[in-house]
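If you read the sequence shown in this note's numbering, its first letter stands for residue 225, the second for the next number, and so on.
Heads up, the beta-carbon is just placed ideally off N, CA and C, and yes, glycines get one too.
Accompanying notes for the structure given below.
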Amino acid sequence: MIIQLDSKISKKDREKLNDILTENNVKTSEISTQFNDYIVGIVSKDVDIRLIGNIEGVKDVHRVTDPYKFVSKKWKVNPTVIDIGDGVTVGSNGFTLMAGPCSIESEEQVEKTVKQLLKHNIKIMRGGVFKPRSSPYAFRGLGIEGLKMFYSVCKANNIKIITEVMQVSQIEQMVDYVDIFQVGARNTQNFNLLDALGKVDKPVMLKRGISGSISELLQSAEYVFYAGNEKIILCERGMRTFEKAYRNTFDINAIPVLKEKSHLPVIADPSHGIGIRQHVDKITLAALVAGADGAIVEIHNEPETALSDGQQSLNFEEFDILMNKIKKLPAV
Ligand code: PEP
Ligand code: MN
């Protein structure tokens, strides 16, 4: 059960509510986000929730049986729109593109990419500066100095940035230079990181775990909300399966199913989803048709020399072709 409180609930009403909860043995957690105050109650079925709904200072009460509550559609039916600032939004109104390299490599690369994004009126650039790599010998990103450069070039061009945070200690140094925090597939169940991102007033895009289920992804999102941050975006990025012909198996099913189970926006990552450059366009279009709220696509001015994920990065010409196809699809 989720009880949404009026911020001006009187002491008397609050006591009345507490009495009902105690009488009915409801186990409660109090949650405050950047938008609202709530009580989550673990409740047995026979409590009449109308008793709670009738209290003056209670704005809303809903029974939610899912293991994830705040991110469930059983609590909030209307789609959530995430405000990134300056009129940039994710969710509910069209298809939001985020594009950029896997890793930020140089100022020149960022400038070239920004030009490419501006050409297509894309408002969000991706790029990692802290890179989770399977091998410790691989390029692991430019770090915080790279992030400052990335942010300042984008800010000068009115472009928002999304970048991966790998650990709790990075949040504080990153927060002023990030518009959306990305939680990578290897960290989807890093509950300390999710707790810490719940304390930040910046949107968080949560990737599905490498072998993570839909329910696990939604419960990870619940962690962020529970800790105080309602600005959450979900991302399907493919799963590890027995199939070895491509990097991951992009789970197209996840898009309509996540949208049915949750009010949060769902973004597709076709680049990691298939991992093969010449097919990234098809998976992007498939995700759009399946109802995704957007896509995050890896692009590179010279994929052949990219320091990470060049094999799945579109060059600018290929990206132009994809963008033209995307523009034709909304009619479908
Ligand atoms: C990335 O976006 O470059 C990345 C590392 O993604 P994932 O966490 O999905 O592997
Ligand atoms: Mn990548």
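Check: Could you tell me the alpha carbon to alpha carbon distance between PRO303 and VAL399, rounded to whole angstroms?; Outcome: 26 Å
Check: Buried or exposed for GLU388, going by 16 or more other Cβ atoms inside 10 Å?; Outcome: buried
Check: What would DSSP say about LYS384, mapped onto helix, strand or coil?; Outcome: strand
Check: Tell me the DSSP secondary structure of PHE294 in three-state form.; Outcome: coil
Check: Around ligand 2, which residues pass a check of Cβ closer than 5 Å to any of its heavy atoms?; Outcome: CYS326, ASP533
Check: So is the beta-carbon of ARG410 under 7 Å away from any non-hydrogen atom of ligand 1?; Outcome: yes
Check: Tell me whether GLY352, by its Cβ, gets closer than 7 Å to a heavy atom of ligand 1.; Outcome: yes
Check: Three-state secondary structure (DSSP) at PHE474?; Outcome: coil
Check: Only counting runs of 3 or more residues, tell me where the beta strand (DSSP E) segments fall wholly within the segment 299-359, in order along the chain.; Outcome: 306-309, 312-314, 320-324, 348-350
Check: With a Cβ-Cβ cutoff of 8 Å, do SER444 and LEU418 count as a contact?; Outcome: yes
Check: Can you tell me where the alpha helix (DSSP H) holding GLY497 begins and where it ends?; Outcome: 494-498
Check: Three-state secondary structure (DSSP) at LEU366?; Outcome: coil
Check: Is the beta carbon of GLY352 closer than 8 Å to that of SER376?; Outcome: no
Check: Among all the DSSP beta bridges, which residues are the ones paired with ILE266?; Outcome: LYS251
Check: Output needed for SER253: all residues of its chain with C-beta closer than 6 Å, excluding positions within five of it in sequence on either side, in chain order.; Outcome: VAL264
Check: Within the same chain, show all residues whose beta-carbon is closer than 6 Å to that of LEU441, passing over the 5 residues directly before and after it, in chain order.; Outcome: ARG432
Check: Go ahead and label THR246 buried or exposed: buried means 16 or more other beta carbons lie within 10 angstroms of its beta carbon, across all protein chains shown.; Outcome: exposed
Check: Among the candidates CYS378, LEU341, PRO325, ASP403, whose CA atom is the shortest distance from the CA of ILE308?; Outcome: ASP403
Check: Whole angstroms are fine: how far does the CA of LEU553 sit from the CA of PHE319?; Outcome: 10 Å
Check: Quick check on this structure: which residue in ASN453, ARG501, ASP533, ALA492 has the alpha carbon closest to the alpha carbon of THR257?; Outcome: ASN453
Check: Should ALA362 go down as buried or exposed, given a rule of 16 or more other Cβ atoms within 10 Å for buried?; Outcome: exposed
Check: Cα-Cα, which of PHE466, LYS355, LEU538 is closest to GLU522?; Outcome: LEU538
Check: Please classify LYS300: is it buried, with 16 or more other beta-carbons within 10 angstroms of its beta-carbon, or exposed?; Outcome: buried
Check: Indicate, with yes or no, if ligand 1 has a heavy atom lying under 7 Å from the CB of HIS487.; Outcome: no
Check: Count the other C-beta atoms from every protein chain shown that fall within 10 angstroms of the C-beta of PRO291, then say buried if there are 16 or more, exposed otherwise.; Outcome: exposed
Check: Based on Cα-Cα distance, which residue from SER393, ILE279, ILE383, PRO356 lies nearest to ASP243?; Outcome: ILE279
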